[in-house]
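>
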Amino acid sequence: LFFYNCSTINKWLATHLNICDVIQTTALRTELGLPIWTLNIILLKLAAQETLSGKIKRLATQFFLKHIAYGAHSPLYRNDGTQSVKLTNKDSSALDQILSAFNIDINHIIKFPITLDCLNIKCKIHLHSFLFQDKSLPKTTIESLFEDTIWTHFSNFFLIATDASKSQQITSIAGTSSTNSFAYRLQHLNSIFSAEALALCQALDELSNDEDNLLLLTDSLSVLQALTNLSIKSHKIILRLAAKIATREKFHQNIVLLWTPGHAGIKCNEKADTLARRVSESDLNIQWVTVEDIITQLKVYSGNQTDAMYRGSKYYATLGDIPSILTIAPWLKNRRGYCHHPHNITYDYNTGIAPQIWAK
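Here full-length UniProt numbering is used: the first residue of the sequence shown is 1, the next is one more, and so on.
This is how it looks when you write it as structure tokens:
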């Protein structure tokens, strides 16, 4: 309820939003048992919280991002994709600021499929159907069993292997078949989950042919599990993948998805993995990005704001890094003779700061 109201609350005047911050800090002092003169920046750092006004603005932006991804299925948009509701200057500015910070074009956000045929795909998905899918087996055994499986069950299928890679600098995808291959760089904020699904989407667009039987290989168990549990709440990239499969099924193409253990000596998988890892900054870039990954990064970005504010304050030079209650709570839970309840924190009553986060 709070999430859906944030787009309205965000219209309040700054003075009213500041009152929300006062309510938040008062509640945190009560919950943590901190004295009233504890500085707000110290309080937020200890509680690992962003300001409530900042959270309201973030949730309002998330609300509009989600509706952008729903496209024609959102009440904010018409069937032709144009907006039926005009955002206020404040909301529009906040949204533009986030998209600019993440270097995202609004037209590259992956949207909900126009039709819901994707929820009824008939393709077979093999997660643990064959002996070679046991990761505990030696690589040579897995490779041999895989080749036997292909020969026995999929000899008349056109085989495509896909993979994704994510390093500190680059997120990339690749796919390979007997006739062609591809490798692309992605928007770096895409998760490895989204990248693996995008690799399958790209393979269907670029590598598949007109043959009746198509076998797609991936080492992403999570993507295939998501594909077996489709609903309107599924990630947009999974729904896009399902929509591409549904389109091909309408033309009577038989598609099978097969999970393969990663780095197990399966040649086509290893080739796709190598192609993905070799992608550099200069390679062709695919701009698609999922709203789920944008929201994840937005949460991280907002969470880092409190740390940045604290590190930029004059108190950081004196106090250094202060661990949050959430960080030390699991450790304190297992310490005999120590109480980790927030109300038993000891303080320096000259400064209102907790130099010792636990007490006997």
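The C-beta atom is built at its ideal place from N, Cα and C for all residues, glycine as well.
Any idea what DSSP makes of T38, helix, strand or coil?
T38: coil per DSSP, three-state reduction.
> Under 8 Å by Cβ, that's how I've got T61 and I98 pegged, so tell me the actual separation to the nearest angstrom.
That belief holds up - the Cβ atoms of T61 and I98 are roughly 6 Å apart, short of 8 Å.
> Pick out whichever of C118, N18, A72 has its Cα sitting closest to the Cα of T51.
With distances taken between Cα atoms, T51 lies closest to N18.
> Mind checking which residues open and close the alpha helix (DSSP H) that includes R277?
Here the alpha helix (DSSP H) through R277 covers 267-277.
> Considering only the beta carbon of each residue, do Q187 and V300 sit closer than 7 Å?
Against a cut-off of 7 Å, the Cβ pair of V300 and Q187 comes out as no contact.
> Using alpha carbons as the reference points, say which of S191, N209, L239, G175 lies closest to F157.
Answer by Cα proximity: N209.
> Can you check the region 212-241 for any beta strand (DSSP E) of at least 3 residues that lies completely inside it and give the ranges in chain order?
Counting only runs of 3 or more, we get 213-218.
> So, with DSSP's three-state summary, where would you put F3?
The answer is helix: DSSP assigns F3 an H, G or I state.
> Going residue by residue through the region 118-177, where are the continuous beta strand (DSSP E) segments of at least 3 residues, counting only ones entirely within it?
As far as the region 118-177 is concerned, its whole beta strand (DSSP E) runs of at least 3 residues are 124-126, 158-166, 171-177.
> Near Y184, which residues of its chain fall below 6 Å by C-beta distance, leaving aside the five closest residues on each side in sequence?
Hits under 6 Å: I173, L284, I286.
> Three-state secondary structure (DSSP) at F251?
Residue state, collapsed to three classes: coil.
> Expressed to the nearest angstrom, what Euclidean distance is found between the alpha-carbon atoms of I201 and A161?
This sequence places Cys at residue 201; Ile is not what is there. C201 and A161: Cα-Cα distance of roughly 12 Å.
> Among residues of its own chain, excluding the 5 on either side of A272, which ones have a beta-carbon nearer than 7 Å to its beta-carbon?
The answer, listed in chain order, is A161, T162, D163, A174, G175, T176.
> In chain order, what are the residue ranges of uninterrupted alpha helix (DSSP H) at least 4 long that sit wholly in the region 45-101?
DSSP runs (the alpha helix (DSSP H)) wholly in the region 45-101: 52-70, 89-101.
> Please list the terminal residues of the continuous alpha helix (DSSP H) segment that includes A203.
Looking at the DSSP string, the run of the alpha helix (DSSP H) that includes A203 is 192-206.
> To the nearest angstrom, how far is the alpha carbon of Y310 from that of T38?
Roughly 14 Å between the two C-alpha positions.
> Can you tell me which of the three DSSP states S324 falls into?
Residue state, collapsed to three classes: coil.
> On the DSSP bridge assignment, give the partners of A183 in chain order.
A183 pairs with A174.
> With the cut-off set at 7 Å, would you say L145 and S324 are in Cβ contact?
No, they are not a contact pair.
> Taking the DSSP output, what are the residues bridged to W259?
Bridge partners of W259: T218.
> Taking the alpha-carbon of L224 as reference, which of K233, I238, D134 has the nearest alpha-carbon?
L224 has its Cα closest to that of I238, out of K233, I238, D134.
> By a C-beta neighbour count over all protein chains shown, 10 Å radius and 16 as the cutoff for buried, is L127 buried or exposed?
Flag for L127 reads exposed.
> Can you give me the C-alpha to C-alpha distance between L214 and L207, rounded to a whole angstrom?
Their backbone Cα atoms lie some 10 Å apart in a straight line.
> Assuming L204 contacts I294 under a Cβ cut-off of 8 Å, what Cβ separation, rounded to an integer in Å, is found between them?
Going by Cβ atoms, the distance from L204 to I294 rounds to 24 Å, so no, they are not a contact pair.
> Would you say T260 and L217 are within 7 Å of each other, going by their C-beta atoms?
A contact, by the Cβ cut-off of 7 Å.
> Just grab the DSSP bridge partners of I286 for me.
Beta-bridge pairing links I286 to L186.
> Just grab the DSSP bridge partners of I109 for me.
According to DSSP, which records beta bridges pairwise, I109 is partnered with V289.
> DSSP state of K11, grouped into three classes?
Coil, per DSSP.
> Straight-line CA distance for H153 to L137?
Their Cα atoms are separated by approximately 21 Å.
> Rounded to whole angstroms, what is the Cα-Cα separation between S92 and I68?
Cα to Cα, the separation comes out at about 12 Å.
> Can you give me the C-alpha to C-alpha distance between L76 and S167, rounded to a whole angstrom?
Going from the Cα of L76 to the Cα of S167 covers about 37 Å.
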